[in-house]
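Sequence positions in the sequence shown follow the numbering used here and run 2 to 527.
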Amino acid sequence: MSKARNFFLWVGIAVAVAGCTDILDQEPKTTLAPENFYTNIENFEVGVNGAYDALRTAYSTGELAYWRRDLWTDNMVPSASSSIAVNVTAGELTPFSPLPDSFWEEYYASVNTINEVLVAIETTDLTETETLRRMEGELLFLRSMLYIDLVMLFGDIPFLQRPPGFTESFSVEVTPKAVVWENIHTDLDRAIDMLPATYEPDQRGRVTQGAALALQARAWLYDTGGTDHWNRVRDYTTRLIDNAAVYGYALYDDGTPDSYYNLFITDHHSEDIFSLQHSANLNNWGTFSNDKDVNSYVVTTSLVEAFETTDGRIVTDTTDPEYSYFNKEPRFAASILHIGGQRTGTDIFHFVPGNAVFAVSAKIKKGVNYSLSDLKQDPGNQMLLRYADVLLMHAEALNETNDHAGAIDFLKMVRDRVGLPTSLTADYVTVQTAIRHERRVEFCFEGTRYFDIIRWDMGPQVFSGNAETYDRTAYSEVNGDTPPEAYPYQKITEYAYRFIPERRYLFPIPDNERRLNTDLPQNLGY
């Protein structure tokens with residue numbers, strides 16, 4: 002981890018969450034030792050809440066926001082005014098790039114926060130064993146989420162189960178990728194056994210047993226090094242699906258035409274397995290800056306074209322009369338705000354020539370709550386695991402274990418929700434192609450696309466040719482009397498994709514870390 006980080010960062014978080022001024026009176030929060038803080042179960046609760054806050058920081062702060070990961074894929078590109086310093090898909094990452102440095106620093110700071118509390122639980126003499134066991138399960142889940150991202154992004158990494166001492170932190174060695182995955186699976190199995198199926202309403206948002214099952218399924222989905230990983234994915238998703246009624250899981254459907262849009266701006270519903278919790282009054286884990294609406298990131302033509310028409314066809318020819326923003330299945334208008342599209346009600350999105358923010362032809366709509374007066378201060382939660390993902394993971398595992406007809410059944414559940422036909426031949430390649438396509442459109446802007454590309458080894462296919470968007474200047478020339486359906490669909494090249502095979506999709510180990518810790522090796526290709 003970054004050695005500049007204060008190893009007692011958790012105390013600052015814990016005290017801030019709890020507002021415990023008596024602790025501040027005893028000794029400074031930056032020097033308060035864990036053994037002096039964790040003397041009662043209430044303070045343990047404060048520490049666990051601080052761990053949730055640490056995860057929120059890692060997943061929703063600035064360039065680390067999970068939805069921005071689509072910038073690393075064929076779904077979205079940064080405009081010239083973007084604050085993204087490098088572009089992963091253009092092959093421009095270096096050990097000096099700020100993006101991998103931010104991930105490494107923030108994630109290991111969050112891991113350290115969690116490990117402080119885990120060590121305190123392991124050594125406490127308190128007798129509230131059932132509560133402490135539940136807390137330990139929560140923490141193991143939260144740490145596993147962080148380690149899954151770290152091992153996917155960096156490969157061999159330090160797997161820390163306790164905070165290192167100051168001297169030790171300068172010589173921490175990496176753990177082989179396969180061993181990291183073994184530790185993640187062990188931790189998540191422990192968490193599954195420790196966590197409850199549900200909580201009381203005032204505790205909603207905490208990690209449940211169902212969330213741990215879903216994350217374990219995802220961990221096995223990403224851990225492609227073993228020969229048995231598809232059976233593991235199938236087993237964990239089966240266990241979750243078979244107990245969906247117990248956990249309260251089902252695909253969300255509010256019975257309105259805007260149901261899919263509402264899925265992402267409504268809190269605590271049946272599809273929500275685990276979310277980052279936020280609160281408008283700042284007494285919980287705070288609001289987050291939801292700048293999806295005001296961002297200058299541009300959706301690619303490739304993603305726009307991936308959404309099917311209402312009758313289930315893919316149209317990629319701009320001269321085809323059916324090539325339009327306006328005849329697509331419901332997820333398109335719920336996910337992508339396009340020229341002539343509705344924000345809400347009668348509010349139409351228009352091109353603004355010369356405006357660096359709004360000079361975009363298509364941008365993110367999914368998860369933007371237009372009922373708010375300030376879109377940049379959103380108290381809504383952010384889903385990281387949802388039931389549709391479980392169904393599609395299960396479908397993929399069935400197909401990979403030769404149950405192609407069964408896979409179609411679960412794929413159909415997801416497509417039925419948005420009224421799309423599912424007519425497939427039950428053979429491996431056909432079903433695999435359909436599932437991969439479905440994952441792209443169903444989970445766009447949810448941070449899963451890059452890891453899907455990695456595990457499918459689709460870099461050479463996806464990152465070839467050019468990243469294209471629609472020509473924004475063309476819209477400024479449209480006559481005011483032109484109906485939105487007749488807007489031009491002229492494509493422009495933003496930059497050339499560049500895939501570097503020897504890097505194996507991995508980020509570089511930040512140079513800052515390697516100068517502080519010479520035991521850290523550099524990943525290939527950097």
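We treat Cβ as the ideally placed atom computed from N, Cα and C, and that holds for glycine. In this text, all values refer to a predicted model and were calculated from it rather than measured experimentally.
Sequence-distant residues of its chain with Cβ nearer than 6 angstroms to residue i (five each side left out)
{"i": "D224", "result": "W182, H230"}
{"i": "A192", "result": "G138, L141, F142, A213"}
{"i": "Y527", "result": "P96, P509"}
{"i": "A408", "result": "A396, L399, N400, V432"}
{"i": "G313", "result": "L421, P422"}
{"i": "F411", "result": "L392, H395, A396"}
Three-state secondary structure (DSSP) of residue i
{"i": "K413", "result": "helix"}
{"i": "V300", "result": "strand"}
{"i": "N467", "result": "strand"}
{"i": "R387", "result": "strand"}
{"i": "M146", "result": "helix"}
{"i": "I501", "result": "coil"}
{"i": "F275", "result": "strand"}
{"i": "Q433", "result": "helix"}
{"i": "L421", "result": "coil"}
{"i": "K367", "result": "coil"}
{"i": "T319", "result": "coil"}
{"i": "Y496", "result": "strand"}
{"i": "H395", "result": "helix"}
{"i": "H269", "result": "coil"}
{"i": "V175", "result": "coil"}
{"i": "M153", "result": "helix"}
{"i": "R343", "result": "Reading the sequence as shown, one finds Gln at residue 343 and not Arg. The answer is strand: DSSP assigns Q343 an E or B state."}
{"i": "L551", "result": "This structure gives no information on residue 551, because the portion of the chain shown stretches from 2 to 527."}
{"i": "T310", "result": "strand"}
{"i": "M459", "result": "coil"}
Of the listed residues the options, nearest to residue i (C-alpha basis)
{"i": "A220", "options": "P202, N184, D194", "result": "N184"}
{"i": "K293", "options": "S172, R473, W68", "result": "W68"}
{"i": "D259", "options": "Y496, N370, M414", "result": "N370"}
{"i": "N524", "options": "A66, R163, Q491, P177", "result": "P177"}
{"i": "G63", "options": "V78, L100, V47, N518", "result": "L100"}
{"i": "Y248", "options": "E272, D268, L373, R57", "result": "E272"}
{"i": "L264", "options": "V300, V430, R418", "result": "R418"}
{"i": "S145", "options": "L119, D188, E123", "result": "D188"}
{"i": "L94", "options": "T320, F155, L147, S424", "result": "F155"}
{"i": "Y490", "options": "P202, N518, S325, P522", "result": "S325"}
{"i": "N513", "options": "T40, D102, A34", "result": "D102"}
{"i": "Y317", "options": "T301, K364, L196", "result": "First, the amino acid is wrong: residue 317 is Thr here, not Tyr. The shortest C-alpha separation from T317 is found at T301."}
{"i": "F446", "options": "Y298, V361, K492", "result": "Y298"}
{"i": "M195", "options": "V152, R134, I242, R505", "result": "R134"}
{"i": "R416", "options": "T124, S303, E330, D157", "result": "E330"}
{"i": "T402", "options": "W105, Y200, A179, R233", "result": "R233"}
{"i": "R440", "options": "I493, F308, T228", "result": "F308"}
7 angstroms Cβ shell around residue i - same chain, five flanking residues per side excluded
{"i": "Y262", "result": "A335"}
{"i": "G448", "result": "Y67, W68, R70"}
{"i": "Y429", "result": "N400, H405"}
{"i": "T483", "result": "none"}
{"i": "I14", "result": "The pLDDT assigned to I14 is 37, lower than 50, so where the model puts this residue is not dependable; a value taken from the coordinates is nonetheless given after this. The answer, listed in chain order, is G51, D54, A55, T114."}
Whole-angstrom C-beta distance between residue j and residue i, which should lie under 8 angstroms
{"i": "R450", "j": "N76", "result": "6 angstroms"}
{"i": "T470", "j": "V78", "result": "6 angstroms"}
{"i": "Y53", "j": "Q278", "result": "7 angstroms"}
With contact counted as at least three CB pairs below 8 angstroms, one residue from each stretch, are the stretch 373–392 and the stretch 250–257 in contact?
-> yes
State whether the stretch 452–471 contacts the stretch 47–65, with contact taken as three or more CB pairs (one from each stretch) at a distance under 8 angstroms.
-> no
Answer yes if the stretch 166–180 comes into contact with the stretch 192–211, meaning at least three C-beta pairs across the two stretches below 8 angstroms, and no otherwise.
-> no
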